Structure formats: C-alpha cells, structure tokens
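Peer 1: Line by line, the protein sequences are chains A and B. In terms of this note's numbering, the first sequence has 342 at position 342, counting the first letter as 1, and numbering is strictly consecutive. In terms of this note's numbering, the second sequence has 974 at position 485, counting the first letter as 1, and numbering is strictly consecutive. Glycine is no exception: its CB is placed at the ideal position from the N, C-alpha and C atoms. Bear in mind that the values here come from a model prediction, so they are computed numbers and not experimental data.
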Amino acid sequence: MLTFLVFFPVVGAILIMTLRREDERYAKVMALCVTGTLLVVSLVLFGLFDRGQEGLQFTEHFRWIREQDAGFDIQYFLGVDGLSLTMVILTTFLFTVAVLISWNVEKRPNEYFAWMLALMTGVMGVFLAQDLIFFFLFWEVELLPMYFLISIWGSGRKEYSAMKFLLFTIAGSALMLAGFLLLAFSAEPSTFDMVALRQADLSNVVLPLPAIFFLIFIGFAVKLPIFPLHTWLPDAHTDAPTAVSVILAGVLLKMGGYGILRIPISIMPDTAQDYAVWLASIAAASILYGAFMTLRQTDLKRLIAYSSVSHMGYVLLGIAALGHVGMTGATLQMFSHGVITGLLFVMVGMIYDRTHTRDINELSGLAHHMPIIATGMILAGLASLGLPAMSGFVAELMVFLGAADRFAAPTIIGVVGILLSAGYVLWMVRRVMFGPKDPRWAELPDATSWWEQIPMAAMLAVIIAVGIYPARLVDVIEQGILPLAARLL
Amino acid sequence: MLPEIPEGVVWSILLLPIGSFITILMVTRPYPKLSGYMTVGTIGLAFLFALWVLDSVIASDGQALPFQSHEWLTINSPVGHDLVVNLGLRVDGLTAIMLLVVTSVSLLVQVYSQGYMAGDTGYSRYFVFMSLFTTSMLGLIMVDSIVVLFVFWELVGLSSYLLIGFWFHKPAAAKAAMKAFIVTRLGDVGLLLAIILIWVKTGTFDIAEIQELAVAGLISVNVLTVFGLGMFAGAAGKSAQFPLHVWLPDAMEGPTPVSALIHAATMVVAGVYLIARMFPIYEVADDARMTIAAIGGTTALIAALLALVVVDIKRVLAYSTISQLGYMMLALGLGGYVAAIFHLLTHAFFKALLFLGSGSVNHATNTFDMRKMGGLRKVMPWTYATFLIASLSLAGVFPLAGFWSKDEILSDAWGEQQALFWVALGVVFLTAFYMFRAIFMTFEGEYQGGEEPEEEGHGGDPAHPHESPWVMIVPLAVLAVPAVLIGFANINGGVEHILAGALPAETREGLHEFQFNWAIALGSSAIAIAGIVGAYLFYGAKVLSSQAVSKAVRPLHILLERKYFLDDLYEGIFVNRLLLGGAALLAWFDTNIVDGVANGVAGTFRFGGSGLRLLQTGQVQVYGAMAFAGLLLAGGLVFLLNPL
C-alpha cells in the first residue's frame, strides 16, 4: 500500500509523457485521476490506522544492499506512524488541489503534470522512508522536478530563483548527507535503519554528537526555512507558478519540520535536550524576523512567503519544547499551515490570473467585483492570523502551551508574533479587498469555474473542521509523537 | 415556576443563532427579507429560553446549574500536565443576567435593523454577521472553560471587525475595522499569555477549578497578580479602557444598530464580564484589583471630558460608553462586583436606546453631526421622548434605572477609596452635562438642514425630517421601559442575591453589603441636575457661550480635540516610526546582508570557477607542468610533516 503511494505518481508521470501532442488536454485529467486515487488511498489509510498503537504501521521491508555483500545494509523500508500519516494526507490533498488549480495551464501541459507527479513521488518517499539512504534519495528526487517547474512555468526572474532554490537545498543536503554517513557508520551496530539507530549505541561516534546533530539540522533548517537561511523562499515563491507555490509552501517546507522530528530529535534525543534552548531561540528569532519582514512586503506572494518564515518558526518552537504537547502542536501546525498557506496562494493565484498584478498598492476594492475570491482570501487570512475555530489557532495554542513552561521568553515572542500577523493580514485585506471600487477590475469574472471553487471549498472545510474538532487528527499525530516524547524524558 | 431548564435547551440558546448563521449563509442569502425574519425569530426564541434560564437560576439561588462538561480535546502527556480542553456550560446568576441583556437587546436591535437597513445591498450579509456575533457573544458568557471563552472572545472580535467594516467601500470604515481588531488584539496578547500561565501553573482551564484553587490559596499571589493583569489587558482592549480605548469611537463607522448592540450594550461589556467572572482571583490579587480601579477611574474621567467637545452624536455616545465602562471597571476594582454588573445591566438598556435614537435621528437627517440638526423635538416626538428618558437615566436622575446602579457604585467607592469616589462624582456631573448638550443641540432650537444623502444613504429627504417607521419606533419604546424600571429589580436585593450566588462561598462573604446612603443619593442627584442646568445655560438658553469657555481654556480644548494626542502617538510614532521603521531596517538587512551573503558566496564560487576554468587549457604541456609542480608540492609537504 505504501509502495503504491510512493510509486504510483511516477507511473502516472511516465504515462502522461507517453501522451501525444494532440492529446495533451488529457494530461490534466490523468494527473487528477492519479492524485485523486492517492488522496482516497491515504484517507483509507487514515481510516485503517490503529489509533491505539504507537510507532510504525503498514511497514514494508526489502533488503536492497545486503551486509554480506557490501559491509552495510541499505533497506527499502517504508512505514507510517501518526507523524508520517499526517504529512501523507497533507501531501495527497494539496497535490490534488494543485492539479485542479492548474487546469488552465496551456504551456506544455504534458511535461508540467508529469513533473508535478514526479515531484509527488519524491515527497511521498521522504515522508514514508524509514531508512536514511532512501530518505536521502527521495529528498534529492524532489529537487529536479521543482527546478524545472519553477524555471519553465514560472515568471519574473525564474531561472535565478530556481537556481537559488536548488543551490540552497543542495548545500543543505550535502551537510545532511555527511551527517547521515557519520551517524550510520559510527553507530554500534552500524546501520541506516532509522528505527534501529534509535536503539543503537552512539557513544563511539567520530565527531562529537552535537556536530552531527547540527549538520543534519542545518540541512532541514534550510528547507523549513529558518532565519537566516530563508532568502531562497520569497524568490522561489514569487517566481513559481501558483500550483507550485502551493506545493512549495504547503508540502516541501514540511519536509524540513518532519525531518527534524524524525531524524535528529528522535535519534539523538540527549543532544536535542542539551541544545533545546538554542533551537527555541532560533525559532523565536524566525517568528519575529519573519513577521517584521512581512510587514514591509507589497507583493502578495512575497508577503505570504515571509509570513511562512514566521509561521514555520512556531513549528520549530513546538519542536524545541521537546514535550508531548509542543511537538504534537508543531505537527498540527505543519498540517494547518500547509492548508492555510496553500489556500492563500490559491487565492493570490486567482487574483493574479485576473488582474495580472500582485502589487498591493495597485489593487483595491476587489470585494466589490469578486465576492467569492474576497471571501476565500479573507477567510484564509483570518486562519493565518490564528483566529480561533480555525486550525491555526489550535496548533499555535498547543505550541505555546508546550513551550511556555520551559521557554517563557520565546513563548511571549510567539504570542506577540500573532499580533503582528493580525497587522499584516488585515492591512493586506484592507488594501486589496476593501476600499472604493476600481473601474479597472469591474469587468473581471469572479471564481466561477468548478476547478477553482472545489479546491477553495475543500481547503476551507479542512481548516474549519480541524479548528472546530481537532481531536480526530490530534489522536493520530499523538501516536507518532508519544514514542518520541517518551525517549526525551 | 417552571421546571429546571434541561441542558439541551441551554445549548439550543447557542445553537439557534448558529443555525440562523448557517441557514442565511447557505440558503436564504438571495431572499433578504427572509434572512431578517429568521434572525429575529431565532433570537426571539433564544430570549424566551433566557427567561427560562433566569427562572431556573433564581430557583438555585444563583448557583451554577449542575451541567457536566464534555470532552473536546485531550492529550495525555508523560510529563507535565495533560492538556484537557472541555466543552461545557456554566450557567449561574451572572450568566443568567448576561443572557438576559444579550438576548433582549439583540432582539430589539434586530427588529429595528429591519427598518434601518432596509434597501441596503448587503442586507443578508448584515444578518449573517449579526447572527455570527450573537452566537459568539452567547458562547462567551455561557462556557465554563477559559480557553473556550477565549475562542468565543476572538470570534466576537471578528464579528465586530466585519460589522464595523460592513460598508467596506468607505476607507474610514475599513480603517476603523482594522484598528478595532488590532487594538483589541493587543489586549488579547495579555489574555492569551494569562491563559497559558495559568495552565502551566495549574494544568486546568476550568474556570470554577481555577477559582477554587485561587480562593484556597493554592496558587501564589504573584502568579495570580500576573494572571489577573493579563486578563485585564484583554478586558481593557475589549471594553475600551484607557489606553486601549481609541478603537471604540472609530468603530462608529459601522451601521448604527451595530453600534447599539455591539459597541454599547453587549460586546464591549465582555471585558467587564470577564473580570466579574474571575472576581475571586482579584479578591486574592489585591494589586491587580487596585490597578483595575485606577484604570477604570481614569477611563471614566478622560472619556467623559472628550464627550464634551465632539459634535458627532454617535461619538458623544461612544465616549459616554467608554466612560461608563470605566465606571464598571472602577466598581469591580473597588470590590463592587454586584454594583458593576448591575450597572452593566441598566446601562445596556439606556445606552442601546440612545444609540437607536441617534440612528433614528440619522434616518431623518442623514447626518450624525449635531451642528446640522436642531429642532427635531417637534417632528420626531417618539424619538425625542425616548432619547430624553434614556439621557435622564444615564445622568442618574431619581428614580430611573441609571440612578440606582450609579448610586451603588458611588456607595462602594465611598467606602473603599475616597479619591476615586470624587472622580466618580465628577463624572456624574460631566455625564449629565454632555448628554443634555447633545439633547439641546439635536432636538431644540432651529433645524439646521441635515445633509444631502449619498448613493447608499438611508432614510428619506433630509430637508423635511420625519419620524421613523414603526419598526424602528417600537424597539425604542420597548427599551424605554427597562431604562426606567430595571433599577427597581435590585431594590430588595434580588439581583444581588443571584449574582452573589455565582461566587464561591469564601468570596461571597467578603462582598460589600449594599447600604443605601441618603447623603450620596441626594448629593449625586443634585450634581446630575447641576450638569443638566449647566448644559441648558450653554446650549439651551445660550446665556453662556461655549466658544468663550473653550477660548479661555485653549490648551485644554486642543488637548481634547486631538484626543490627548493618543492617535498621533500610536499611529505616528508606534506604528509608523517604530514598527514600520524597524521593519524597513530589517528589510534592508535582509536584502543586503542575509541575502547579500548568500549571493556573495554564490558569486565567489562563480568567480573562482571562472578563474579555475583558465587552467583547463587543454594543452598537455601545461597539464604536465602542473602535475610536476603538484608532485613537488606533495613531496615537500610529506617531507615537512615527517622529517627523516
């Protein structure tokens, strides 16, 4: 089942590539079938998942390189726990959304949707792999499709942004790979199996453990992204096409947070304890820095990109708390931010498609002409500023409660960050949506097509459902976090 | 006597407006009339249930009805506190009084809105937002957990935001909406931190449990003081206390029924409710309590002074509201729990009436500027009569409702803190003065012509003002009844009894026993009448000139006209200079330093790469020479490192 989740997208991608030029209008239909199937499969998985059981479920093993041949083991090892499952559902959901809102892509659609699906395989692999080498392989698989998606279908300085994205990530992953290898070869017994590594004896490692910890951490921190490693994000977002922005903000950033929880924190819990205060400080800096930067932005996409830096700071703050409540909150925040920011990008995409500008100073009074888009944008904005009864509030509250006892100052900074987020969101809404009518936008259509309305409604439904009754999702996340938290005692 | 109200019926009070919110949103939006009737119908039913609640609570002597909480979210933590958030109702004397206020004023305002909002393009949207507001407000006063209270607290803020900005094409309205949300959220930072603190210290969100722990002395006084001040920050935002009061006057950009319901009678008293709900905490945390008293007194005074100089009738009422909220906070801070809530109750009716009256005047003249009104007494007799009754009540003239509650506050202040008593007494004079200034400017003298309607103006022809339609007049007349009579509700301690029942026994014993004090009652009445006479001399008979006075105290007048320069301080210095200036500095740092380093590293590699490329000449001789040089270098290094 998990193998299907990982490789079905790439099968779909290959099939789409075989389409002839004149059949390219079927590309999006095929892509939708693939992502839709995967969404259903992941929801079935959610239903079958045993909420009473901690740790991995639905595991699949296959020895790829055996110890007797090479001196070390590399396994094809997939498994899902509460943490992975949450990310998998987020992935299938957002990819389905991304395909839908790409319905009007006219430029080389075959390749576009094929790259999109290839990207999905990489992401799925990262969230399901339980072996360091496979994790790393999937981590790298994600890069290439992303590079092409930005540099071919993007706008503005798209080559620069795509290259910047690529270089930042590769630099990070080089450090990460070094960390993986050091860890795996000096552990006793030597293994790439993440589960086995958790029990392994790490007392004889060649480098001090904190060095390995931070090698790996930096690799993930670039992705999250954390100040001061964030500058690729606004550029990549600004120049990427809408659907790619949705995936980038919604899913790819989560690989960073997921990775931190899955590898450095769970394999080196004692080191994590020693340096928790550093992590919390970086988190607080990111929250505040991101929020302040957001206040200055006049490009809608850059505004959302910087707000992501701030919001992912909450993820790191929850992780740094190293407690059950905080880490559960961090995971929920990843899920919630994925949907909320995804929706924000969807809405900005719709505005840009119609007005051909993202400049806040240019836009005004859109609520008169596009009430549906305005409603969606305002609700997404309210969710983003942590309005209760929406998912962001529950997640942030859990992060604060988890972190407050240990890190009073970063928590206070986090709460102040929420105030700033109200500032930039409402300022944006006031400038773009409210105010007098602008004749330039009077003739533009509202979001009337089904492929615009369905993703919008679905995302809002998820945001509100999780906000009103988070227990269904939190129960699952808990099963992934419990064993981790237990090791951190 | 009715049987005790079942829990399901109490929940339905909350679910009724949710139902109307969803139905209007999903179904009846294209049929505005239907949306309006639905809102009135659901809130009417909720009002009847609220009466039932009151009946049951009287039977239980004001103590909480025995409802169980329902599990909503639980995270069992191996270390530290489990995170348990429950959803449950706390229905006691305090809740019953609040329910009565919210449902009755809502009902009348919604009826009035049918007339006032008639013909507006956003008619259905208006009732969607109104239903959302009613839901959140009812949730706020009924839940038993402080974190769920916070959820509804924020949703109330959201509906206020949406309704202030209802006419979003007006830049002033859009700006006021944003200002209201952000200023109240500034206070909410304190409230949220307080909630986090109390959870970290006690592991519970349950209001009753927190009260018990506090009263039993199981939480240190320092923690309670910080907790209490944090909550007061939230309350000060929502209830427009100095220095966070600046949003409320601007909130008058919203439709007038909204001002009446949300920004006078119900939402703005949420802060007072919160402090009253947490009153046992403040009985322990004396410092926090005295801070509240001091801020309340300051607010009452400075807002009353501002009301003297504004010429917009709704802003007079807005400053009056701030001032009266300060009065309630003052009472709470001085331990006058009953007096504060009693004043909240009477104030809700006469202030809603005043706002609806100003809306009726606006309906006729199309302006809120009192300088363009005058002489409306003859053409709008109903509006005039009800407005006059409400003003007398607000001024605290015997035996109207406002007299009784104000008298209780003054008595409490007299017994507790003399300085604040004199402040409160001064405010009585100012209140009577500014209200009758408004009455003389609006209803007496010559009509000044009103204002020509814009495209979306309400009402008819301002040149020939007329009385409003009956759907607006009936709510005015109905509200006038409690504005006169509700003060008698506590004449034999009925309100006091059920309110006190809501407190833990230990706190209840410490309450002031209300003593009717003839000297205070007569003295404050005399002062109120002096205020009315003063207003008459300036604005009625015009034997004294207000211009002459304002010239004589020019600096003070400027200070008031510029609203103590607070808006300039907040917007000009805090937001524009410090916040946005700081952000601009950071933006420079981000582009030039953070990104600069990244681009610099990339540039170095590119430059290094282009340098190294020169070495790849493709000439074997060069390669050979370099290989030889390399060999020498390596040999030399080996020799150096391992001398023979």
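#1: Taking a cut of 8 Å between CB atoms, which residues from the stretch 1061-1074 of chain B lie near chain A?
#2: Taking 8 Å as the cut-off, decide whether the C-beta atoms of GLU335/A and LEU90/A are in contact.
#3: Please check if any C-beta of chain B sits within less than 8 Å of the C-beta of PHE62/A.
#4: Under 7 Å between beta-carbons, which chain B residues line up against VAL415/A? List them in chain order, please.
#5: Mind pulling the beta strand (DSSP E) runs of 3 or more residues that sit fully within the stretch 54-139 of chain A?
#6: Considering Cα atoms alone, identify which of LEU914/B, ALA796/B, GLN907/B, TYR1025/B is closest to GLU1050/B.
#7: What is the DSSP secondary structure of THR610/B, reduced to helix, strand or coil?
#8: With burial defined as no fewer than 16 other Cβ atoms inside 10 Å of the residue's Cβ, what is the status of TYR1112/B: buried or exposed?
#9: Looking only at its own chain, which residues have a Cβ that is under 7 Å from the Cβ of VAL715/B, when we skip the five neighbours before and after it?
#10: Output yes or no for whether 8 Å exceeds the beta carbon distance between ILE502/B and ALA535/B.
#11: For the candidate residues LEU733/B, LEU845/B, LEU638/B, whose alpha-carbon lies nearest to that of TYR1053/B?
#12: Whose CA, out of LEU182/A, ALA283/A, MET194/A, THR238/A, lies closest to the CA of PRO228/A?
#13: Comparing the CB of ALA765/B with every heavy atom of the ligand FAD, is any distance shorter than 7 Å?
#14: Assign GLY1098/B to buried or exposed, taking buried as 16 or more other Cβ atoms, counted over all protein chains shown, within 10 Å of its Cβ.
#15: Would you mind working out which of MET87/A, ALA404/A, MET398/A sits nearest LEU572/B, comparing C-alpha positions?
#16: Taking the C-alpha atoms as reference points, what is the distance between LEU473/A and GLU496/B?
#17: Check SER900/B in the structure and name its three-state DSSP category.
#18: Which of the residues in the stretch 391-421 of chain A, read from start to end, lie with their CB under 8 Å from any CB of chain B?
#19: In the structure shown, what three-state DSSP assignment does THR1080/B receive?
#20: Among the residues of its own chain, which have a CB less than 7 Å from the CB of PHE910/B, if the five just before and after it don't count?
#21: Please name the residue or residues paired with VAL773/B in a DSSP beta bridge.
#22: Hey, does VAL474/A have any beta-carbon neighbour from chain B nearer than 8 Å?
#23: Under the three-state reduction of DSSP, which class applies to ASP695/B: helix, strand or coil?
#24: For MET87/A and GLY480/A, what's the separation of their Cα atoms in angstroms?
#25: Buried or exposed: which applies to MET859/B, given that a residue is buried once 16 or more other Cβ atoms fall within 10 Å of its Cβ?
#26: Quick one: what does DSSP say ALA368/A is sitting in, helix, strand or coil?
#27: For the stretch 751-832 of chain B, which segments carrying the alpha helix (DSSP H) assignment without a break, of at least 4 residues, lie completely within its bounds, in sequence order?
#28: On a CA-only basis, which of MET30/A, GLU159/A, PHE400/A, SER308/A is nearest TYR112/A? Give me that one, please.
#29: Per DSSP, what kind of secondary structure is ASP677/B in: helix, strand or coil?
#30: Would you call the stretch 705-724 of chain B and the stretch 769-785 of chain B in contact, with 3 or more CB pairs under 8 Å?
#31: Determine whether the beta carbon atoms of THR624/B and PHE694/B lie at a separation below 8 Å.
#32: Could you check what DSSP says for SER449/A in three-state terms: helix, strand or coil?
#33: Got a sec: which bits of the stretch 267-290 of chain A sit with their beta carbon under 9 Å from any beta carbon on chain B, in order along the chain?
#34: Quick check: the Cα distance between LEU543/B and LEU647/B, rounded to an integer number of angstroms?
#35: Run through chain B and tell me which residues come within less than 9 Å of ALA486/A, C-beta to C-beta.
#36: Given GLY946/B, which residues of its chain have a CB within under 6 Å of its CB, disregarding the five upstream and five downstream residues?
Peer 2: With the structure as the only source:
#1: So the list reads LEU1068, LEU1069, GLY1071, ALA1072, ALA1073, given in the order they occur along the chain.
#2: The displayed chain sequence assigns Phe, not Glu, to residue 335/A. Yes, Cβ-Cβ distance for PHE335/A and LEU90/A is below 8 Å.
#3: no
#4: VAL678, LEU681, LEU682
#5: 57-65, 74-80
#6: ALA796/B
#7: Residue state, collapsed to three classes: coil.
#8: With fewer than 16 other Cβ atoms within 10 Å, it is exposed.
#9: The beta carbon of VAL715/B is closer than 7 Å to those of LEU686 in its chain, skipping five residues each way along the sequence.
#10: yes
#11: LEU733/B
#12: Out of LEU182/A, ALA283/A, MET194/A, THR238/A, ALA283/A has the C-alpha closest to the C-alpha of PRO228/A.
#13: Among the components modelled here there is no ligand, and therefore nothing to report on the ligand FAD.
#14: exposed
#15: MET398/A
#16: 28 Å
#17: helix
#18: Close to chain B, meaning a Cβ-Cβ distance shorter than 8 Å, are the following residues of the stretch 391-421 of chain A: PHE393, VAL394, LEU397, MET398, PHE400, LEU401, ALA404, ASP405, THR411, ILE412, VAL415, VAL416, ILE418, LEU419.
#19: helix
#20: LEU899, ALA902, TRP903
#21: Bridge partners of VAL773/B: none, in fact.
#22: yes
#23: strand
#24: 11 Å
#25: buried
#26: Before going on, a small fix: residue 368/A reads as His here, not Ala. Residue state, collapsed to three classes: helix.
#27: Counting whole runs of 4 or more residues, the stretch 751-832 of chain B contains the alpha helix (DSSP H) stretches 759-766, 768-773, 775-796, 802-822.
#28: MET30/A
#29: helix
#30: yes
#31: no
#32: coil
#33: TYR289
#34: Distance between the alpha carbons of LEU543/B and LEU647/B: 29 Å.
#35: Using a Cβ-Cβ cut-off of 9 Å, ALA486/A is close to PRO567 of chain B, given in chain order.
#36: At GLY946/B, the pLDDT of 49 sits below 50, so the modelled position is not reliable; the number obtained from the coordinates is stated separately. Excluding positions up to five away in sequence, the list reads ASN855.
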